[in-house]
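Enquirer: Before I ask anything, here is the structure I am working with.
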Amino acid sequence: MTPNNLDLKLINPKNGDKYSPNLYKFLTSNRHSIAAIYALIYRDSQGVLWLGYRDEEGWFMGVRLMAALCSGRRADTFAYPPKFGQTLVEVKGFWMRYIRDGRCAIDKAHDMYFVGDKTRWEVKETTGAVSGAARFSSRRISA
Numbered sequence: 000m001t002p003n004n005l006d007l008k009l010i011n012p013k014n015g016d017k018y019s020p021n022l023y024k025f026l027t028s029n030r031h032s033i034a035a036i037y038a039l040i041y042r043d044s045q046g047v048l049w050l051g052y053r054d055e056e057g058w059f060m061g062v063r064l065m066a067a068l069c070s071g072r073r074a075d076t077f078a079y080p081p082k083f084g085q086t087l088v089e090v091k092g093f094w095m096r097y098i099r100d101g102r103c104a105i106d107k108a109h110d111m112y113f114v115g116d117k118t119r120w121e122v123k124e125t126t127g128a129v130s131g132a133a134r135f136s137s138r139r140i141s142a
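Everything in the sequence shown is counted per numbering that gives the first Met the number 0, starting at 0 for the first residue and increasing by one.
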């Protein structure tokens with residue numbers, strides 16, 4: 000297994016609202032400490048994102064990314080047989096984009112709700128602008 004080289008200090012929510020507090024809690028919890036070292040992001044055939052790693056025998060150890068985002072350290076990881084792990088495709092460069100863009104790397108269209116959205120969005124009339132995003136982004140807010 001190859002380490003992911005993710006420096007957890009860089010994605011600490013204390014560094015900005017763009018980082019997910021729950022993802023940080025998941026990765027820094029003792030229960031998931033190995034995930035912090037090896038986990039990558041993968042996409043399955045339905046487009047679902049997974050957070051985890053493959054062991055030496057091909058088993059995928061992981062969790063749906065949305066579970067980690069919603070439940071933080073309470074999210075459970077599972078071992079999936081090699082056949083499942085073979086269907087997953089790594090999302091190359093994800094951690095680099097997450098460090099740069101925060102939750103925008105997960106939800107480019109800004110359609111999802113995240114914990115802390117009240118501080119992520121700056122409302123101007125009927126348009127919201129992402130606070131702290133590397134590049135200016137906006138989404139339409141229904142009036």
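C-beta: ideal position from N, C-alpha, C; glycine also.
Do three or more CB pairs link the region 96 to 105 to the region 69 to 79 at distances below 8 Å?
Expert: Segments in contact, no.
Enquirer: Measure how close the beta-carbons of residue 24 and residue 71 come, nearest whole angstrom, since I'm counting them as under 8 Å.
Expert: 4 Å between Cβ atoms; contact.
Enquirer: How would you call residue 87, buried or exposed, if buried means at least 16 neighbouring beta carbons within 10 angstroms?
Expert: Result: buried.
Enquirer: Mind pulling the beta strand (DSSP E) runs of 3 or more residues that sit fully within the region 36 to 84?
Expert: Those beta strand (DSSP E) runs which fall completely within the region 36 to 84 and span 3+ residues are 39 to 42, 48 to 53, 59 to 63, 77 to 79.
Enquirer: Quick check: residue 9 and residue 26, are their CB atoms within less than 8 Å of each other?
Expert: Not closer than 8 Å, so no.
Enquirer: Might you give, ordered along the chain, the residues of its own chain that have their beta carbon closer than 6 Å to the beta carbon of residue 93, omitting 5 neighbours on each side?
Expert: So the list reads 40, once near-sequence residues are dropped.
Enquirer: Going by DSSP, what residues sit across from residue 90 in a beta bridge?
Expert: BP columns for residue 90 are empty, so no partner.
Enquirer: Identify, in the order they occur along the chain, each residue of the same chain with its Cβ nearer than 6 Å to the Cβ of residue 112, setting aside the five sequence neighbours on each side.
Expert: Residue confidence is low: residue 112 scores 47 on pLDDT, short of 50, so the model does not pin down where it sits. Its coordinate-derived value is still stated next. Taken in chain order, the list of residues that qualify is empty.
Enquirer: Answer with buried or exposed for residue 46, where buried requires no fewer than 16 other C-beta atoms within 10 angstroms of its C-beta.
Expert: Answer is exposed; the Cβ neighbour count stays below 16.
Enquirer: Going straight from the alpha carbon of residue 53 to that of residue 0, what length do you get?
Expert: When rounded, the distance between both Cα atoms is 7 Å.
Enquirer: Leaving out the 5 sequence neighbours to the left and right, which residues in its chain are closer than 6 Å to residue 19 when beta-carbon positions are compared?
Expert: Cβ within range, chain order: 68, 102.
Enquirer: Can you grab the Cα-Cα spacing for the pair residue 74 / residue 33, in whole Å?
Expert: In a straight line, the C-alpha of residue 74 is about 14 Å away from that of residue 33.
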